Every structure is written in C-alpha cells, then in structure tokens.
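Colleague: Would you mind keeping the following structure in view while I ask a few things?
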Amino acid sequence: SPVSAMASSSSALCEDQFQCAICLDVFTDPVSTPCGHNFCMICLKEYWDSSPHCQCPVCKEKFSNRPDLRVNTFISALAASFKKSVQLKSSRAAEKPTRSQVLCEVCYEKQCEAVKSCLICMASYCKTHLEPHERVSSLKKHKLMEPVENLEDYICQKHERPLELFCRDDQTCVCQFCTETDHKSHNTVPLEEESVEKKNELVKTQAEVQQKIQERLKNIGEIKHSVEVNKKNLEKEKADVVKMFSALIRCIRRSQAELLKVMEKKQKAAEMQAEDFIKDLEQELSDLKRRNTDLEQLLHTEDHLHLLQIYPSLCSSPHTQDWTSITITSHLSVETLRRALAQLQETLSLEMKKIKETGQCLLWVYSEKIHSNKYLHLGEINKDPENRNVFFYKSMFVFLFIVTVF
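The number in our numbering is simply the position in the sequence shown, starting from 1, with 187 added.
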C-alpha cells in the first residue's frame, strides 16, 4: 500500500518532518489545520483553549469557526513508523557489541568456536584442543586470554613477545624484554593492575558525563516550560494591547499593528532561539549518551590492551557548553505603556471637555516647519492647514515616542 511504501522509507526522512511545532516532539495523533499545517491533537486543542483567537500556531491564519479535528491517518502511520525506526536504531546502538566469533585453528572438518587464545602459540583453541594447555606442564606456562582474531596486536613488534606490562613513564604496553632495553628503569606494572586503575578513573569520568546528561535533560525541560509560559503571557498581552488601541484614531491603529508585529517577531525569535538551544542540547545529549555507552562497554571489557589503547580518547570529559545561565523570554512589559496612554487619553479628554465648555483651547505647538514656539488658539488650528499639520505631527510625536521607548 502507499502508506507501507512510504513507511518503509521513513527512516530516510528527518525528524523535523514529523515534529509538532508546539511540543517539538514526533506527532501523536496528528491533525491538520485548514491552512495545511500539522500538530498533535492534544497540543493544538490546548493551544486554542489558552488563546483568545482560533488561529494556526505557525502562520497565524485565523479561523472564523473552530475546525473539527480528526486524526490524519496517513501522517499518523508515517509518524508511528518513524518512531519505530528511531527506537530500533536506539536499541541497536545501546546493545553491547559482541566479539566476532573466533574459530579454533586446529579443527579441520567443522571448526568449533574458540574459548581461549594463546599468545605464545599465536593460535586460538576450542575447548577440546585447549586440553593440552591445561595438562602439559610446559604449556601451562603459556599466556592465555579471551579469544581474539588479531593476536599480532597483543605481541611486541620488536621482541615478538606477549605485551604483559604497561610502562607508566611512556604510557604504552611493553613486553618483558622491553623492560631490559628501551624501558629499563622505567616504572612498569602488569596490564591487569594498570587496567584496574584506569577503570577507576573511567568511573569518575562516567559520573561527570552522567551528571551532564541530567543537567541537559533539566535544561531542555526548563526551556520547553519557558516557551509555554511565554506563549501564554504573550496571548494575554496581545489582548491587552488590542483593548488599549481600540479607542485610538487610525494613525494609532497603524502603530498598534506595528507593535503587535514586533511582539510576534520577538516571540518567534525566542522560539527559534529555544529550538536552537534544544537542538544543541539534544546534540550534546546524544554525544554524552554515546560517550556513556562507550565508557560502559569499556568498563566491562576484559581486553586490557584494547582498554589502555583507547583510554586517552575516552578519559577526558567531552567538550560541552555551560547552559546554567541560559534563559528564554519574549516578554514585553506593557504596564508602563498602559499608564502612559491612559494619562494621554485622560489629558486629551480633559482638554476636549475644556474645548466644549469654552469653545477654545491654547495648545503649545512645536515643529521643525515652524522655527519658533508659540501658543495657537483652536480657531487658528482649524483655520490654517499648516497649523493643523503641526498639531497632527505633535500628537503623533508624543504617541510614537511612548511606543518607541517600550
């Protein structure tokens, strides 16, 4: 079917294509708005319940009636398939890699799986063919280890002897002959002893990584919560702004629209910033989890040489950012603006009352077109178009100054 065909290739699609713009997670019961955008059903319902307008959270297109939401089965099937593929990848990544099967080098017809590798014989043996190493006195002295394919990596290239020691001065694995030549008088210890010490240090590194994982999980939660709070505050402020400007003249309404655009832009900028922070945190989280998995695997390995060889690349804490001081806000305080506009309206109402009672009003007018400050009677304002323009520019200057300040 088309759905199954699309679902089979869902792993090739990026997560953004299945991401709800509200919760920033993969769709759960996806629904579509008339404008074509998709959201989780519960997310869209909660958004509309907390908003004074029924509009699209992405493009802000308003709907006269609240649309009847129905789950988009096609997108739901794709999202479910995508979730499944992501979970499968995660489970595979979390699985400890098993050592590739090493076969006995003595078996002829049907090779059995090896149980030990001998660093002296440079061969791997199954349980049956290992028996001489457990019985013959001279073979008992051979260095046995867990079966590995690359036995040559465990042998000193210079002396062709097993790498049994670790030189702490040069931080490298050496054989017994190395301690009598190039590493003479150096501080050397058995591989097992150094491996135990390195594991203790890895435990500390892992603890630091796990702490950073928890911190970033907390940061992500705080950022998401901050975005939701900012959205709710923004909707209330938008309603207040609409109410404040409803009584003003056409020029003030234009300023109202500009202010709303600024607020929307600030909110979008805050959301985009939050998305960037979350992406960075999720990337760090992914890196830290991957590092934690590597450390966990290394802590359980019995391959001491392998541990010591890759230890320098894993012992140091991965580079991460400091997220403790990160905050997301799109809040614009309109309280001072409300008081200023109320005072302006009160002043205008008082002056209009005086005009009605006395029939005239003295206004202090200033403009770049008039290079002197002077009082003008109301009659002079109405009579001369130049004076009317001055009065208009004066009123707009007062209002726009207040808006610009905030």
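Yeah, the Cβ is synthetic: ideal placement off N, Cα and C, and Gly gets one too.
Just so you know, these numbers come straight off a predicted model, no measurement behind them.
1. Excluding the five sequence neighbours on either side, which residues of its own chain have a C-beta within less than 7 Å of the C-beta of residue 388, listed in chain order?
2. Taking only three categories from DSSP, how would you classify residue 225?
3. Please report how far the alpha carbon of residue 208 lies from the alpha carbon of residue 480, in whole angstroms.
4. Should residue 355 and residue 381 be called a contact, given that it needs their Cβ atoms to be closer than 9 Å?
5. Compute the distance between the beta-carbons of residue 226 and residue 218, then report whether it is under 9 Å.
6. Could you give the distance in angstroms between the alpha-carbon of residue 249 and the alpha-carbon of residue 420?
7. Quick test of your reading: residue 288 and residue 300, contact by CB under 8 Å. State the CB separation rounded to the nearest angstrom.
8. From 492, 212 and 450, pick the residue whose C-alpha is nearest to that of residue 386; which is it?
9. Give the DSSP-derived three-state secondary structure of residue 534 in the structure shown.
10. Using a Cβ-Cβ cut-off of 8 Å (strictly less than) and excluding sequence neighbours within five positions of residue 494, which residues of its own chain qualify?
11. Pair every Cβ in the stretch 329 to 340 with every Cβ in the stretch 459 to 479, then say whether three or more of these pairs are closer than 8 Å.
12. Between which two residues does the alpha helix (DSSP H) containing residue 327 stretch?
13. In the DSSP output, which residue or residues are listed as bridge partners for residue 375?
14. Should residue 478 go down as buried or exposed, given a rule of 16 or more other Cβ atoms within 10 Å for buried?
15. Taking the straight line between their C-alpha atoms, what separation do you get for residue 462 and residue 510?
16. Taking C-alpha atoms, which residue in 245, 232, 307 and 213 lies nearest to residue 451?
17. Is it buried or exposed for residue 368, if we count other Cβ within 10 angstroms and need 16 for buried?
18. Skipping 5 residues on each side, what residues in its chain have a beta carbon closer than 8 Å to that of residue 513?
19. Between the stretch 253 to 273 and the stretch 316 to 329, can you find at least three pairs of beta-carbon atoms closer than 8 Å?
20. For a test of the three-state rule: what should DSSP assign to residue 231, helix, strand or coil?
21. Got a sec, what are the start and stop residues for the beta strand (DSSP E) residue 499 sits in?
22. When you compare only the Cα positions, how much space is there between residue 370 and residue 327?
23. What's the gap between the Cα of residue 412 and the Cα of residue 440?
24. Just tell me which of 323, 324, 325 and 331 has its CA closest to the CA of residue 312.
25. Going along the chain, which residues of its own chain have a beta-carbon closer than 7 Å to the beta-carbon of residue 221, five neighbours each way excluded?
26. Within the same chain, show all residues whose beta-carbon is closer than 6 Å to that of residue 375, passing over the 5 residues directly before and after it, in chain order.
27. Based on the DSSP output, what are the partners of residue 312 in its beta bridges?
Modeller: The structure says:
1. Taking the first residue of the sequence shown as 1, we reach residue 388 at position 201. Around residue 388: 502.
2. In the sequence shown, the residue the question calls residue 225 occupies position 38. The three-state secondary structure of residue 225, taken from DSSP, is strand.
3. Within the sequence shown, the letter at position 21 stands for residue 208. Within the sequence shown, the letter at position 293 stands for residue 480. Cα to Cα, the separation comes out at about 31 Å.
4. For the purposes of this step, residue 355 is identified with residue 168 of the sequence shown, where counting begins at 1. For the purposes of this step, residue 381 is identified with residue 194 of the sequence shown, where counting begins at 1. Going by C-beta atoms, residue 355 is nearer than 9 Å to residue 381.
5. Counting from one through the sequence shown, the residue named residue 226 turns up at place 39. Counting from one through the sequence shown, the residue named residue 218 turns up at place 31. Yes, the Cβ-Cβ distance between residue 226 and residue 218 is below 9 Å.
6. Counting from 1 along the sequence shown, the entry for residue 249 is found at position 62. Counting from 1 along the sequence shown, the entry for residue 420 is found at position 233. Spanning the two alpha carbons is a distance of roughly 19 Å.
7. Residue mapping note: residue 288 aligns to position 101 of the sequence shown, counting from 1. Residue mapping note: residue 300 aligns to position 113 of the sequence shown, counting from 1. Yes, residue 288 and residue 300 are in contact; Cβ-Cβ is about 6 Å, under 8 Å.
8. To locate residue 386, count along the sequence shown from 1; it is residue 199. Nearest C-alpha to residue 386: 492.
9. As a first step, residue 534 is located in the sequence shown; it is residue number 347 there, counting from the start. Helix, per DSSP.
10. As a working mapping, residue 494 is identified with position 307 in the sequence shown. 382, 385, 386, 485 and 488.
11. no
12. In the sequence shown, the residue the question calls residue 327 occupies position 140. It spans 324 to 327 - the alpha helix (DSSP H) in which residue 327 sits, taken as one unbroken run.
13. Within the sequence shown, the letter at position 188 stands for residue 375. Answer by DSSP bridge pairing, in chain order: 354.
14. Translated into the one-based positions of the sequence shown, residue 478 becomes position 291. Label assigned to residue 478: buried.
15. Position 275 of the sequence shown, counted from the first residue, corresponds to residue 462. Position 323 of the sequence shown, counted from the first residue, corresponds to residue 510. Approximately 14 Å between the Cα atoms of the pair.
16. For the purposes of this step, residue 451 is identified with residue 264 of the sequence shown, where counting begins at 1. Answer by Cα proximity: 245.
17. The sequence position of residue 368 within the sequence shown is 181, counting from 1. Residue 368 comes out exposed.
18. Translated into positions along the sequence shown, residue 513 becomes position 326. Within the same chain, residue 513 has close Cβ partners 406, 410 and 464.
19. no
20. Within the sequence shown, residue 231 is the residue found at index 44, counting from 1. Helix, per DSSP.
21. Counting from one through the sequence shown, the residue named residue 499 turns up at place 312. Unbroken run through residue 499 is the alpha helix (DSSP H), 491 to 502; no beta strand (DSSP E).
22. Here the question's residue 370 lines up with position 183 in the sequence shown. Here the question's residue 327 lines up with position 140 in the sequence shown. If you take the alpha carbons of residue 370 and residue 327, they lie about 28 Å apart.
23. One-based indexing of the sequence shown puts residue 412 at position 225. One-based indexing of the sequence shown puts residue 440 at position 253. Approximately 33 Å between the Cα atoms of the pair.
24. As a first step, residue 312 must be located in the sequence shown, where it is residue number 125. For the residues 323, 324, 325 and 331, the minimum Cα distance to residue 312 belongs to 331.
25. For the purposes of this step, residue 221 is taken as the residue at position 34 of the sequence shown. 250 and 254.
26. As a working note, residue 375 is residue 188 in the sequence shown. Closer than 6 Å at Cβ, skipping near neighbours: 352, 354 and 366.
27. On the sequence shown, position 125 is the one that residue 312 refers to. Residue 312 pairs with 303.
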